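Below is one structure, written out as structure tokens, with a few remarks after it.
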Amino acid sequence: MTDVDKALARLGLTLPAVVPPLAAYQPAVRSGDYVYTSGQLPMVDGALLATGKVGAEVDPEQGYDLARICALNALAAVASIASLDEVVQIVKVVGFVASAPGFTGQPKVVNGASELLGEVFGEAGTHARSAVGVSELPLGAPVEVELIARLAPSAKTVLV
């Protein structure tokens, strides 16, 4: 069992299957020592867990939990092309929150993703972040999260 597997087990979580793309893109792409994920929705077993806007149909606490699921799906996307034990830093997280008019709690919602990454990776899960309120997200999702992870340098990496 890897360190990441142990951290997930301690949290009562397992890495899900990668969510299949909804359109013409890849769930994750590696460029050198970095993995960039596409935006991940709060999907479990192929189903979107909630729809609506945070601050209206979805309360902020539920949005927080949905952001955690988005982050777990992002980790599955990373794991589809690299071992999570190669991750040396979560560099950046961008969270999009479908927001009701006047809702300004996007940072607390996206904390669901940020805090999960910290629980899984410890200090390596500390990252830069944006939490953006938007009017709509794909499929009516309340939250979407993408991330950039830096991997340990590969033996094939040549520095010039």
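The opening position of the sequence shown corresponds to residue 0 in numbering that gives the first Met the number 0, with each subsequent residue numbered one higher. Quick reminder that beta carbons are idealized off the backbone N, C-alpha and C, glycines included. Since this is a predicted model, take the numbers as computed values, not measurements.
- Linking Arg149 to Leu116 through their CA atoms gives a straight-line distance of about 13 Å.
- In this structure Glu122 is exposed. Its beta-carbon is surrounded by fewer than 16 other beta-carbon atoms within 10 angstroms.
- Ala97 sits buried, since 16 or more C-beta atoms from the chains shown fall within 10 Å of its C-beta.
- Here Ala73 is buried: its Cβ has 16 or more other Cβ atoms, across all protein chains shown, within 10 Å.
- Residue state for Val17 is assigned as coil, using DSSP reduced to three classes.
- For Tyr63, no beta strand (DSSP E) segment is defined; the enclosing uninterrupted segment is the alpha helix (DSSP H) at Pro59 to Ala78.
- Ranked by how close their Cα comes to the Cα of His126, the residues Asn110, Ile89, Ala112 and Ala46 have Ile89 in first place.
- For Phe102, no alpha helix (DSSP H) run applies, since DSSP gives it neither H nor E.
- The C-alpha of Thr1 lies about 32 Å from the C-alpha of Ala23.
- Annotation: the continuous alpha helix (DSSP H) that includes Leu7 extends over Asp2 to Arg9.
- In the three-state reduction of the DSSP assignment, Gly111 falls in the helix class.
- Looking from the CA of Val53, the closest CA among Val108, Asp32, Leu12 and Gln39 belongs to Val108.
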